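Residue numbers for the sequence shown, in the numbering used here: 1 to 473.
We treat Cβ as the ideally placed atom computed from N, Cα and C, and that holds for glycine.
From a predicted model like this one, the values you see are computed outputs, not experimental measurements.
Report on the structure given below.
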Amino acid sequence: MTTQTTTAPDSGAPSGTAFEDLPPRRTIRQAVAASAMGNATEWYDYGAYAVVATYIAAHFFPSGSEGLFWTYAFLAISFIARPFGGFIWGPLGDRLGRKHVLALTIILMSAATFLIGVLPTYEQVGILAPILLAVLRLVQGFSTGGEYGGAATFMAEYAPDKRRGLYGSFLEFGTLGGFALGTIVVLVLQLSIGEDAMAAWGWRVPFFVAGPLGIIGLYLRSRLDETPVFQDLEEAGESEETATGGLRDLIVKYWKPILVMAGLVVPLNIANYTLLTYMPGYLETKIHLTPNESLMVILIGEVAMMAVIPFCGSLSDRIGRKKLWWFSMVGLFVMALPMYTLMGQSFGLAILGFAVLGLLYIPQLSTISATFPAMFPAHVRFAGFAVTYNVFTSIFGGTAAPLNEKVISATGFLEFPAVYVMLGCVVGMVALLFLKETAGASLHGTDIPESEPQDYGLEAMQAEDQALDDAGR
Numbered sequence: 001m002t003t004q005t006t007t008a009p010d011s012g013a014p015s016g017t018a019f020e021d022l023p024p025r026r027t028i029r030q031a032v033a034a035s036a037m038g039n040a041t042e043w044y045d046y047g048a049y050a051v052v053a054t055y056i057a058a059h060f061f062p063s064g065s066e067g068l069f070w071t072y073a074f075l076a077i078s079f080i081a082r083p084f085g086g087f088i089w090g091p092l093g094d095r096l097g098r099k100h101v102l103a104l105t106i107i108l109m110s111a112a113t114f115l116i117g118v119l120p121t122y123e124q125v126g127i128l129a130p131i132l133l134a135v136l137r138l139v140q141g142f143s144t145g146g147e148y149g150g151a152a153t154f155m156a157e158y159a160p161d162k163r164r165g166l167y168g169s170f171l172e173f174g175t176l177g178g179f180a181l182g183t184i185v186v187l188v189l190q191l192s193i194g195e196d197a198m199a200a201w202g203w204r205v206p207f208f209v210a211g212p213l214g215i216i217g218l219y220l221r222s223r224l225d226e227t228p229v230f231q232d233l234e235e236a237g238e239s240e241e242t243a244t245g246g247l248r249d250l251i252v253k254y255w256k257p258i259l260v261m262a263g264l265v266v267p268l269n270i271a272n273y274t275l276l277t278y279m280p281g282y283l284e285t286k287i288h289l290t291p292n293e294s295l296m297v298i299l300i301g302e303v304a305m306m307a308v309i310p311f312c313g314s315l316s317d318r319i320g321r322k323k324l325w326w327f328s329m330v331g332l333f334v335m336a337l338p339m340y341t342l343m344g345q346s347f348g349l350a351i352l353g354f355a356v357l358g359l360l361y362i363p364q365l366s367t368i369s370a371t372f373p374a375m376f377p378a379h380v381r382f383a384g385f386a387v388t389y390n391v392f393t394s395i396f397g398g399t400a401a402p403l404n405e406k407v408i409s410a411t412g413f414l415e416f417p418a419v420y421v422m423l424g425c426v427v428g429m430v431a432l433l434f435l436k437e438t439a440g441a442s443l444h445g446t447d448i449p450e451s452e453p454q455d456y457g458l459e460a461m462q463a464e465d466q467a468l469d470d471a472g473r
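Dropping the structure here:
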């Protein structure tokens, strides 16, 4: 393993502060852009699908059926394939490298999203229409099983140790950017071509946008080398010899971080898919806002969330990840029910309620790519993230929208999504008790990262910046 120790003179950093060989700042920014662009493409699909859910219900299912429920159920179908993607792409990423897997996943994902836009409707081909939709959703889920974990690992391993929270937060900036772009495209279409044209053919247009997004993301990723961490593994002969061997090592040796991460994925994804995926249909069909009003609520909230993501990421570098996760989960537990009650009162209060919950969720979202990859050593990192994240996302994230829809339809209890978020937070707070702090810790090597107090904080960040400057980077 090639490790360089640099102590920044006159920086005020603790003596012995160690820095890995850092790539140039320009390369780091390119890695951030490539990861974020792919993530934006992935979540653009989920965002676009969610905001045209009522149109999909009308075109792909028989009239008079529970079309909206089945539309959300088909959203969940993609999550069935995500664990399989994680089990395949994750070990391959640890064996062959992060870059090659990410190139394949973004091609599959953008192509499947594009093809949804050309599918025939139920009126045209009958039951074949939902079957084809299901197949493409499965392809999307399979590719996403490697895309998200790979992008987070790629970004985390390129980022400087003391700035991993800041740089990693831009992956989630891409997440919300994808969601917001899907909302903007649909809103512009609805305002420009009208409801009739939107229902007839306009709902297809958002899916076509995924094509150029995927091409841009692939171009950005193709220009980068493998991460410095993976290169060190290969040079030291410590990378996994086979993908199956890596998967076996992960399950046998690292089951404890798998369980802790699983407990954190539960509240993360219940909140994510309840707030960002289920909310457009909820506001329109349950709160009875107009389609444009519901999209405006979501868009304003998402823009507000994007504005604070980098600040939360940077803050986690200074005070640690765990404190932000505690703040987020306690805040959501306390405020979920009052804010859902508030959203049912008026359009203006719906904006306020959604924005409050979204901002409370950001400390979790903004630190995913800094927190989760650091829970595993380098030789099983891609697999550890991809397998754990996708298995539990499929269970708790993919089912959030149809479960909320089913319970509300059966009981009339409009605040059930708030209760569901609160239950998820309870699970997360238990898991958080066992999470190791990794802010500032090195991701190199085959040991599980764990930071010491001197690894993070303002002085450590300044020392790393000085080291970059001294090296001409």
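**Report entry** Length of the line joining the Cα atoms of Y46 and F74
**Finding:** 11 Å
Query raised in the report: Hey, how far is the Cα of G358 from the Cα of L337?
Result: 14 Å
Query raised in the report: With contact counted as at least three CB pairs below 8 Å, one residue from each stretch, are the region 100 to 107 and the region 142 to 160 in contact?
Result: yes
Query raised in the report: Per the contact definition of three or more C-beta pairs closer than 8 Å, is the region 295 to 309 in contact with the region 171 to 188?
Result: yes
Query - Local Cβ density within 10 Å of S409, reported as buried at 16 or more and exposed below that - result: exposed
Report task. Can you have a look at K256 and say buried or exposed, based on whether 16 or more other CB atoms are within 10 angstroms of its CB? Result -> exposed
Query raised in the report: Does the separation of the CB atoms of A439 and D94 fall below 8 Å?
Result: no
**Report entry** Three-state secondary structure assigned by DSSP to L435
**Finding:** If DSSP states are grouped into helix, strand and coil, L435 belongs with coil.
Query raised in the report: Can you give the Cα-Cα distance for G141 and A81, rounded to whole angstroms?
Result: 5 Å
Query raised in the report: By DSSP, does T6 sit in helix, in strand, or in coil?
Result: With a pLDDT of 38 at T6, under the threshold of 50, the modelled position of this residue cannot be trusted; read the value that follows with caution. Residue state, collapsed to three classes: coil.
**Report entry** Contact set for M429: own chain, Cβ-Cβ below 6 Å, skip 5 residues either direction
**Finding:** M329
**Report entry** Rounded C-alpha distance that separates T54 from G445
**Finding:** 49 Å
Query raised in the report: Is the region 268 to 275 touching the region 394 to 403 in the sense that three or more CB pairs, one from each, lie closer than 8 Å?
Result: yes
Query raised in the report: Looking at the structure shown, is P91 part of a helix, part of a strand, or coil, going by DSSP?
Result: helix
Query raised in the report: By Cβ distance, which residues of its chain are closer than 7 Å to L189, with the 5 residues on each side in sequence left out?
Result: M198, G202 and V205
Query raised in the report: Start and end of the alpha helix (DSSP H) containing G353?
Result: Segment F347 to L365, the alpha helix (DSSP H) holding G353.
Query raised in the report: Do you know offhand how far I88's Cα is from R98's?
Result: 13 Å
**Report entry** DSSP three-state assignment for Y278, whether helix, strand or coil
**Finding:** coil
Query raised in the report: Got a sec? Which residues, its chain only, sit under 6 Å from N39 by beta carbon, not counting five neighbours each side?
Result: A151, L171, G174 and T175
Requested in this report: Below 8 Å on the Cβ atoms is my guess for T121 versus A134; work out the distance and round it to an integer in Å.
Outcome: Not quite, the Cβ-Cβ distance comes to about 15 Å (not below 8 Å), so this is no contact.
Query - the region 302 to 319 contacting the region 159 to 167, beta-carbon criterion three pairs below 8 Å - result: yes
**Report entry** Selected residue, minimal CA-CA separation from L275, among F376, C312, A350 and H379
**Finding:** A350
Query raised in the report: In whole angstroms, what is the alpha-carbon distance linking G117 and V125?
Result: 15 Å
Query - Any alpha helix (DSSP H) of 4 or more consecutive residues that is wholly inside the region 162 to 247 - result: 164 to 200, 205 to 208, 210 to 222 and 228 to 236
Requested in this report: Using alpha carbons as the reference points, say which of S63, L432, E293 and Y340 lies closest to M375.
Outcome: L432
Query raised in the report: What's the C-alpha gap between F413 and L443?
Result: When rounded, the separation of the alpha-carbon atoms in F413 and L443 is 46 Å.
Query raised in the report: Alpha carbon to alpha carbon, what distance is there between I368 and F208?
Result: 29 Å
**Report entry** Beta carbon of L250 nearer than 8 Å to that of V139
**Finding:** no
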